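Numbering (our numbering), first residue to last: 31 to 385.
Since the structure comes first, as structure tokens, the remarks are kept for the end.
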Ligand SMILES: Nc1ncnc2c1ncn2[C@@H]1O[C@H](COP(=O)(O)OP(=O)(O)O)[C@@H](O)[C@H]1O
Ligand SMILES: [Mg+2]
């Protein structure tokens, strides 16, 4: 028994925080349902803590019904049940909860805002702290850090909402894109996930509509060079000082790219674990994943995503500090392929958070 497994024995109530305000609300519901249904740790009770799409902390009864699928959506009257947000938080964050496992994806959950709030309560929680979460969520901040440490990434341009002039145009943008990035290129909001707001632009006439669409989700966006290659990922677990890396996995979207539909609805998307790679490439990817985790001072868990070109060049795409967390999600599957089962994985994460 390791030190932190011993600590897990001393706690009894673990809050599972899910739902939330982001566009990835539904994805979060799936992650939390999977942990609740599949992971049974003797002596530990899961306390479901649901947050509505409007940011209300729902009652324990409704949270339980949502997580057990007794209901699949939040009844409207429940949204109005609480006088104030603070009151609803207070009702739910009773001192009985000894540890929180936030399974919120995207803005207001994965981006450091919730982590900052949890840090102020003093309740330990699973995953990265405020700064690491915020930097990992914002692709432009993360790129800056990785760039500084010479980690290979797609070339890019950063635009802010201020760059958009009257009539929604940006002077000279088309030329800059053609010269610096070439076509096709990718347009993405700086901080979102699940491929929301992302376009692959193949013809210059499609550039501005894609730019305007991305600006609907964020006031900073990235325009990125297209990297043709395989999509390879790795799971990391531990603390920033001391982490373990899983065997890599591969995603074959069978779509133009790994878009929202391919992520959550397409039966044609293939998730391959472990990925078929030479030993040398596998080791390089694993060591880059660990480096990325460490460079951002991540803790707990993260999934690190790469592109691997035909010439075996490895490009870092992004790091997700609260990746999809169902038993069938890549994060858990890559650990299974490395000999760590889902329930054991959850137990390890709780232990790390308590350490
Ligand atoms: N520069 C790129 N070159 C090739 N494909 C890309 C590039 N950027 C994104 N993609 C495709 O779009 C998907 C989503 O982009 P990503 O940056 O991972 O955003 P998200 O945070 O929404 O997952 C990727 O999984 C990949 O399929
Ligand atoms: Mg991604």
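Where is the CB? At the ideal position from N, CA and C, for every residue including glycine.
Quantities reported herein were computed from a predicted structural model and do not represent experimental measurements.
Per DSSP, the unbroken beta strand (DSSP E) holding residue 132 starts and ends at 129-132.
The residue among 385, 178, 122 and 164 with its C-alpha nearest the C-alpha of residue 151 is 122.
8 Å or more divides the Cβ of residue 148 from the Cβ of residue 170. Assignment of alpha helix (DSSP H) within the stretch 224-307, counting only whole runs of 4 or more residues, yields 237-245 and 290-294 in chain order.
Looking at the DSSP output, residue 207 bridges to nothing. Separation of residue 259 and residue 108 (C-alpha to C-alpha, rounded to the nearest whole angstrom) is 47 Å. Set against 7 Å, the gap from the CB of residue 287 to the closest heavy atom of ligand 1 is smaller.
Counting other Cβ atoms within 10 Å of its Cβ, residue 235 stays below 16 and is therefore classed as exposed. With respect to residue 77, residue 38 sits apart: the two C-beta atoms are not nearer than 8 Å. Residue burial is scored here from C-beta neighbours: residue 295 has fewer than 16 other C-beta atoms within 10 angstroms and is therefore classed as exposed. The closest heavy atom of ligand 1 lies 7 Å or more from the beta carbon of residue 40. Within its own chain, the residues whose Cβ lies closer than 6 Å to the Cβ of residue 263, once the five positions on either side in sequence are excluded, are 279, 333, 335 and 360, listed in chain order. The C-alpha of residue 136 lies about 12 Å from the C-alpha of residue 220. For residue 63, the enclosing alpha helix (DSSP H) stretches over residues 55-68.
Assigned with DSSP and collapsed to three states, residue 193 falls in helix. DSSP places residue 155 within a strand segment (E or B) once states are collapsed to three. The C-alpha of residue 168 lies about 21 Å from the C-alpha of residue 267.
In the three-state scheme derived from DSSP, where H, G and I count as helix and E and B as strand, residue 344 is classed as strand. Shortest gap from the CB of residue 335 to any heavy atom of ligand 1: under 7 Å.
The C-beta distance from residue 373 to residue 128 rounds to 19 Å, too long to meet the 8 Å contact threshold.
Each residue's CA atom was taken as its position, placing residue 86 and residue 144 some 13 Å apart.
When DSSP states are grouped into helix, strand and coil, residue 333 belongs to the strand group. Nearest to residue 166 by C-alpha distance, out of 226, 352, 297 and 119, is 352. In this structure, the CA atom of residue 66 is about 21 Å from the CA atom of residue 158. Closest in C-alpha terms to residue 217, from the list 208, 228 and 223, comes 228. In the three-state DSSP reduction, residue 213 falls in the coil class, being neither helix nor strand. Shown here, residue 355 sits in coil according to DSSP, grouped into three states, outside any helix or strand. The beta carbon of residue 162 is closer than 6 Å to those of 326, 327 and 328 in its chain, skipping five residues each way along the sequence. Here residue 207 is near residue 253, since their CB atoms are less than 8 Å apart. Apart from sequence neighbours up to five positions away, the residues of its chain that approach residue 368 with a beta-carbon distance below 6 Å are 276 and 277, ordered along the chain. Residue 261 sits close to residue 288, with the two beta carbons spaced by under 8 Å. Residue 103 and residue 96 have their C-alpha atoms spaced approximately 7 Å apart. 80 is the residue among 80, 73 and 301 whose C-alpha sits nearest the C-alpha of residue 56.
CA-to-CA, the gap between residue 156 and residue 98 works out to about 22 Å.
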